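The block underneath contains the structure these notes are about, expressed in structure tokens.
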Amino acid sequence: MPSHPPTPARRPRVLAGTSGFSYPAWRGHFYPDDLPARDMLAFYARALGTVEINHTFHRLPTPALLLGWARQTPPPFRFALKAPQRITHHLRLRDAAEVTGQFCTAVGGLGRKLGPLLFQLPPYLRCDASRLADFLAILPPGVECAFEFRSETWFTDEIYALLTKHRAALCIADSETLTTPPIATAPWGYFRLRREDYSQGDLDAWAERIRETARWKRVYVYFKHEDAGRGPALARALLERLGS
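Under the working numbering, the first residue of the sequence shown carries the number 32, and numbering increases by one thereafter.
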């Protein structure tokens with residue numbers, strides 16, 4: 032019988048952007064000099080397909096705010112939202128069912144434009160598998176959740192197995208102080224690239240890491256906000272390398 036060539040691995044859909052978009056310092060770099068703040072999101076969404084929002088870390092978004100975001104962006108656009116600090120820093124995932132439910136219900140107002148929810152834990156919170164297991168059990172089904180651990184004590188097989196069981200993503204974060212192991216725990220990936228700048232070689236290496244994990248159907252990547260406005264250019268350069 033004739034042999035058939037192996038089916039090539041399906042490339043993930045990659046959405047890349049920055050952490051935030053409303054930065055006056057980006058005028059003259061990414062935004063036109065005279066662009067009003069009210070038009071920044073619409074301009075941003077014509078260049079990039081996703082943004083990570085920090086506003087939700089401090090307060091729940093109002094329905095009017097979510098509607099405004101949705102109206103200014105095209106249908107494929109996705110918002111990643113950072114979970115409230117009350118959940119991650121004050122309650123530290125304990126006894127958080129009520130506030131987590133309120134948050135998930137509120138952000139549902141984005142409809143199909145809702146992307147992942149990022150639970151960024153404080154650096155001083157060390158590994159506690161039972162704490163994480165209890166919290167994962169209260170998350171509503173169908174909501175994409177990523178967890179960023181900023182203590183290396185969390186980087187264990189037990190934690191990866193818990194995330195995998197609940198289809199939650201290990202946020203792969205890269206900074207001057209800590210880099211998360213590139214472990215896939217969900218059908219989709221979440222990257223936060225937090226260094227001040229990335230060379231062409233750095234971008235090549237990160238593109239290769241994303242390609243290597245064929246398990247992912249979809250990948251979100253967010254570059255750090257900085258005043259020079261390099262983040263959008265870095266996001267587009269990464270997308271070019273990935274053919275997205």
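Quick reminder that beta carbons are idealized off the backbone N, C-alpha and C, glycines included.
Everything numeric in this text was worked out from a predicted model, so none of it was measured.
- prompt: Buried or exposed: which applies to residue 104, given that a residue is buried once 16 or more other Cβ atoms fall within 10 Å of its Cβ?
  reply: The residue given as residue 104 occupies position 73 in the sequence shown. A residue is called buried when at least 16 other Cβ atoms come within 10 angstroms of its Cβ; residue 104 meets this threshold and is buried.
Note to self: Checking the sheet assignment: what are the DSSP bridge partners for residue 125?
What the structure shows: Along the sequence shown, one-based indexing puts residue 125 at 94. Partner(s): none; residue 125 has no beta bridge.
Check: What's the call for residue 151, buried or exposed, on a 16-neighbour Cβ count within 10 Å?
Finding: Within the sequence shown, residue 151 is the residue found at index 120, counting from 1. Classification of residue 151: buried, given that the 10 Å Cβ count is 16 or more.
Would you tell me roughly how many angstroms separate the C-alpha atoms of residue 253 and residue 264, rounded to the nearest one?
-> Taking the sequence shown and counting its residues from 1, one reaches residue 253 at position 222. Taking the sequence shown and counting its residues from 1, one reaches residue 264 at position 233. If I take the Cα positions, the gap works out to 12 Å.
> Taking the Cβ atom as the reference point for each residue, do residue 137 and residue 91 lie within a distance shorter than 7 Å?
Replying inline: To locate residue 137, count along the sequence shown from 1; it is residue 106. To locate residue 91, count along the sequence shown from 1; it is residue 60. The answer is yes: Cβ separation under 7 Å.
| To the nearest angstrom, how far is it from the Cα of residue 276 to the Cα of residue 269? | Any question about residue 276 goes unanswered here, given that the chain covers just 32 to 275.
(request) Look up residue 48 in the DSSP assignment and give the residues it is bridged to. (result) Counting from one through the sequence shown, the residue named residue 48 turns up at place 17. In the DSSP output, where bridge partners are listed per residue, residue 48 has 253.
Margin query: Could you compute how far the alpha carbon of residue 272 sits from the alpha carbon of residue 179?
Written below: Along the sequence shown, read from residue 1 onward, the residue named residue 272 stands at position 241. Along the sequence shown, read from residue 1 onward, the residue named residue 179 stands at position 148. Approximately 25 Å between the Cα atoms of the pair.
key: Cut-off 8 Å between Cβ atoms - residues of its own chain near residue 64, not counting five sequence neighbours on either side   = Translated into positions along the sequence shown, residue 64 becomes position 33. Within the same chain, Cβ atoms closer than 8 Å to the Cβ of residue 64 are found at 58, the five residues on either side in sequence being excluded.
Just verifying my parser: in three-state terms, what is the DSSP assignment at residue 177?
The sequence position of residue 177 within the sequence shown is 146, counting from 1. Residue 177: strand per DSSP, three-state reduction.
Could you please give the first and the last residue of the uninterrupted alpha helix (DSSP H) stretch that includes residue 233?
Here residue 233 is taken as the residue at index 202 of the sequence shown, counted from 1. 231-243 is the span of the alpha helix (DSSP H), which, as asked, contains residue 233.
Considering only heavy atoms of the ligand PLP, does any lie closer than 6 Å to the CB of residue 42?
Ligands are entirely absent from the displayed structure, and the ligand PLP is therefore not among its contents.
- Task: Using a threshold of 7 Å, state whether the C-beta atoms of residue 43 and residue 249 are closer than that.
- Result: Counting from one through the sequence shown, the residue named residue 43 turns up at place 12. Counting from one through the sequence shown, the residue named residue 249 turns up at place 218. The answer is yes: Cβ separation under 7 Å.
* Assumed close pair residue 82, residue 119 - CB separation to whole angstroms, cut-off 8 Å -> Counting from 1 along the sequence shown, the entry for residue 82 is found at position 51. Counting from 1 along the sequence shown, the entry for residue 119 is found at position 88. At roughly 20 Å, the Cβ-Cβ gap does not stay under 8 Å, so residue 82 and residue 119 are not in contact.
Cα-Cα separation between residue 125 and residue 191, rounded to whole angstroms
If you number the sequence shown from 1, residue 125 lands on position 94. If you number the sequence shown from 1, residue 191 lands on position 160. Distance from the CA atom of residue 125 to the CA atom of residue 191, rounded to whole angstroms, is 20 Å.
* Going by the CB atoms, is the gap between residue 214 and residue 224 shorter than 7 Å? -> Taking the first residue of the sequence shown as 1, we reach residue 224 at position 193. Taking the first residue of the sequence shown as 1, we reach residue 214 at position 183. Remark: C-beta atoms of residue 224 and residue 214 do not approach each other more closely than 7 Å.
Residue 172: which of 93, 181, 139, 157 sits nearest, CA to CA?
Along the sequence shown, one-based indexing puts residue 172 at 141. Answer by Cα proximity: 139.
Going by DSSP, what residues sit across from residue 215 in a beta bridge? Position 184 of the sequence shown, counted from the first residue, corresponds to residue 215. Answer is none; residue 215 lacks a bridge partner.
For the alpha helix (DSSP H) that residue 263 lies in, which residues bound it at each end? Residue 263 sits at position 232 when you count from the first residue of the sequence shown. Residues 262-273.
Check: By how many angstroms is the C-alpha of residue 238 removed from the C-alpha of residue 94?
Finding: By 1-based counting over the sequence shown, the position of residue 94 is 63. By 1-based counting over the sequence shown, the position of residue 238 is 207. Taking the straight line from one Cα to the other gives about 36 Å.
query: So, are the CB atoms of residue 182 and residue 157 less than 7 Å apart?
result: The residue you call residue 182 lines up with position 151 of the sequence shown. The residue you call residue 157 lines up with position 126 of the sequence shown. Cβ atoms of residue 182 and residue 157: closer than 7 Å.
Problem - Secondary structure, beta strand (DSSP E): runs of 3+ residues fully inside the region 82-138 - result: Taking only runs of at least 3 residues, the beta strand (DSSP E) segments lying wholly in the region 82-138 are 109-113.
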